[in-house]
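To start, the structure under review is shown below, and the notes come after it.
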Amino acid sequence: MDAAAKDRGSSVHKARIVVLYGTPAECYLCGKGLTLEEAQQEHTRPRSRGGPTTSENLRWACERCNRLKGSHSLEELLEFARILLRRFPLG
19 MDAAAKDRGS
29 SVHKARIVVL
39 YGTPAECYLC
49 GKGLTLEEAQ
59 QEHTRPRSRG
69 GPTTSENLRW
79 ACERCNRLKG
89 SHSLEELLEF
99 ARILLRRFPL
109 G
């Protein structure tokens, strides 16, 4: 892990983010309640696709949802969910 990645996970870094973007209350994808220790920054438009690290593009997410979304856009994730629900309907 490089120094920048280590800093992004530090409590000092998260404290700076809380000041800038607000306290994490819940995952914006699944609604799970989050503590500061559990919360992860999620770029709605992935950085790998040119998404900026701005308040408009950052949301709080749980680790599971952050990993699931990965470098996909929110639209791609929702389309995948629609495909799964058509293929495997609930109930």
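The numbers in the working numbering rise by one with no breaks, and the one at position 6 of the sequence shown is 24.
Idealized CB from N, CA, C, for every residue including glycine.
Check: Supposed close pair E56, C80 - CB separation, criterion 8 Å; Outcome: 6 Å
Check: Supposed contact pair R77 and E60 - C-beta distance, whole angstroms, cut 8 Å; Outcome: 5 Å
Check: Distance between G109 and A43 (C-alpha atoms, nearest Å); Outcome: 31 Å
Check: Expected contact under 8 Å - CB spacing of L92 and T62 to nearest Å; Outcome: 6 Å
Check: Simplified DSSP assignment, three categories, for E94; Outcome: helix
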